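Below is one structure, written out as C-alpha cells, with a few remarks after it.
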Amino acid sequence: MASIEQDDLFNIQDDEDMEEEEEEQQPEEQEDYNMDDNVQQGNDDDDEDMNDEDGEGDEDEEDDDEDDNKDNEKKTIQEAQDKSVTHKPSFNTKTYTNDNIFMSSSIDGTINLWDVRTPEPVLRLGVSENTPPWCMTSTWSNDGEYIYVGRRNSTVEEFSIRMPYKRATHGAGTYHHSHTHIPNVSKLLQFPTISGPVSAISTMPNSNFLLCGSNDNIRLYNLSLYDSLANTSINVKKQATPFLIIPGHNGGTLSQLYVDQTGRFMVSASGNRGWGHGTYTDAVLVYEIDFEGI
Numbered sequence: 004m005a006s007i008e009q010d011d012l013f014n015i016q017d018d019e020d021m022e023e024e025e026e027e028q029q030p031e032e033q034e035d036y037n038m039d040d041n042v043q044q045g046n047d048d049d050d051e052d053m054n055d056e057d058g059e060g061d062e063d064e065e066d067d068d069e070d071d072n073k074d075n076e077k078k079t080i081q082e083a084q085d086k087s088v089t090h091k092p093s094f095n096t097k098t099y100t101n102d103n104i105f106m107s108s109s110i111d112g113t114i115n116l117w118d119v120r121t122p123e124p125v126l127r128l129g130v131s132e133n134t135p136p137w138c139m140t141s142t143w144s145n146d147g148e149y150i151y152v153g154r155r156n157s158t159v160e161e162f163s164i165r166m167p168y169k170r171a172t173h174g175a176g177t178y179h180h181s182h183t184h185i186p187n188v189s190k191l192l193q194f195p196t197i198s199g200p201v202s203a204i205s206t207m208p209n210s211n212f213l214l215c216g217s218n219d220n221i222r223l224y225n226l227s228l229y230d231s232l233a234n235t236s237i238n239v240k241k242q243a244t245p246f247l248i249i250p251g252h253n254g255g256t257l258s259q260l261y262v263d264q265t266g267r268f269m270v271s272a273s274g275n276r277g278w279g280h281g282t283y284t285d286a287v288l289v290y291e292i293d294f295e296g297i
C-alpha cells in the first residue's frame with residue numbers, strides 16, 4: 004500500500020482548496036456575465052426607448068406639420084372669405100361661350116343657329132303670326148338660355164331655347180325649309196312706333212338689363228322690373244317705366260352696340276346708312292358704365 008506523505012497531503016488539500024475557489028469564482032464570473040448581459044440588454048432597451056422617443060418625436064412633428072397645414076388652410080380660407088366680402092365684385096358674367104356655335108339673323112325674319120362643323124343650320128326659327136319680316140339684330144342671353152330678337156315693328160322678342168316649337172307650314176309662299184320652327188315668344192318689349200325698327204341689341208353682363216337701339220335712341224331695359232310690372236295694375240305701370248333712355252344718339256340707324264367683357268364700357272355706332280337725309284347722329288360713342296348707379 005502506497006503511503007501518502009504530508010507534503011502530498013498538503014498538495015491535495017491545496018488542489019481541493021483551489022477547486023473550491025474556482026467553483027466559488029465561477030458564479031461570480033457567471034454573475035459578471037449576467038451583469039454584462041443586463042448592461043447589454045439595458046443598452047438595447049435604451050436604444051429601443053430612444054427609437055420609440057424618436058418615433059414619437061417624428062409623429063409629434065408630423066402632427067405639428069398637419070396642424071400647421073390645417074391652420075394655413077383655415078387662414079387661406081378665411082383670407083379668401085374676407086377678400087370676397089371686402090373686394091368689389093366683378094361684373095364679368097358673360098358665361099355663355101362656344102366656339103362652334105353662332106347665330107345669324109336674316110332679312111326674311113328668320114334666326115339661324117349654326118354649328119361650324121355642319122353645312123346646314125342646326126335650328127331655324129321663323130317669325131310668329133302677325134310679325135313682319137326683316138330681322139336686323141339678335142343676341143344670346145349671358146347663360147345661353149334665351150335669344151333676343153330685334154324686329155322691324157319696333158319690338159324685341161325673347162325666345163327660350165328649351166321651350167317647344169311648332170313646325171312652320173312648308174310651301175305656299177311661307178318658308179322654303181321644312182325644318183323651320185316657330186318659337187313661342189316668352190317676353191315682348193314694345194317700343195313706340197316712331198322709334199322705328201330695332202336695329203341693335205346687346206345684353207349687359209349682369210343679365211338684368213338689355214340694351215336696345217333703334218332710329219331715335221338707345222334704351223336700357225330693366226328685365227326684372229319689366230317682369231314685375233307685367234303682374235301689376237295699369238295705374239302702377241303708368242308710374243314706373245322699365246327702361247332708361249341713354250343720351251347721345253339722335254336719329255339715324257343705330258347699327259352696333261357692344262359691351263366689353265369687364266362690363267365697364269359700352270360702344271355704339273350709328274349713321275344714316277344712305278337712307279334719307281334727315282337729322283341723324285353719325286358717330287361712334289363710348290360710354291362708361293356705372294353699375295352701382297343702375
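Counting from 4, one number per residue, gives the positions in the sequence shown under the working numbering. Even for Gly, the Cβ is constructed at its ideal location relative to N, Cα and C. Given the structure is predicted, the values throughout are model-derived calculations rather than measurements.
Local Cβ density within 10 Å of residue i, reported as buried at 16 or more and exposed below that
i, result
"S231", "exposed"
"A233", "exposed"
"E160", "buried"
"F246", "buried"
"Y229", "buried"
"I114", "buried"
"P135", "exposed"
"P208", "buried"
"I197", "exposed"
"S273", "buried"
"Y151", "buried"
"D293", "exposed"
"S157", "buried"
Start-to-end residues for the beta strand (DSSP E) that takes in residue i
i, result
"D111", "No beta strand (DSSP E) contains D111, which DSSP labels as neither H nor E."
"W143", "T140 to W143"
"S189", "V188 to Q193"
"E291", "A286 to E291"
"G216", "F212 to G216"
"G153", "Y149 to G153"
"H182", "From DSSP, H182 is part of no beta strand (DSSP E); its letter is neither H nor E."
"S205", "A203 to T206"
"N225", "I221 to N225"
Three-state secondary structure (DSSP) of residue i
i, result
"D230", "helix"
"S163", "strand"
"S2", "The first residue shown for the chain is 4 and the last is 297, placing residue 2 beyond what the model contains."
"D118", "strand"
"Q264", "coil"
"T256", "strand"
"R127", "strand"
"G251", "coil"
"S271", "strand"
"T134", "coil"
"T158", "strand"
Cutoff 6 Å; reference residue i; Cβ partners in own chain excluding five residues on either side
i, result
"I110", "W137"
"L288", "G251 and S271"
"G199", "S217 and N218"
"F105", "W117"
"V125", "L116 and D118"
Same chain, Cβ closer than 8 Å to residue i, five either side skipped, listed in chain order
i, result
"I221", "L214, C215, I248, I249, G251, H252, L257, L260 and S271"
"E148", "S163, I164 and R165"
"R120", "N103"
Close Cβ partners of residue i (< 7 Å) along its chain, the five nearest in sequence each way excluded
i, result
"S140", "The sequence shown places Thr at residue 140, not Ser. Closer than 7 Å at the Cβ level, and outside the excluded window around T140, lie S108, G153, V201, S202, A203 and I204."
"N211", "N225, L226 and S227"
"E291", "R267 and F268"
Query raised in the report: With a cut-off of 8 Å, do at least 3 Cβ pairs link the stretch 183 to 201 to the stretch 258 to 278?
Result: no
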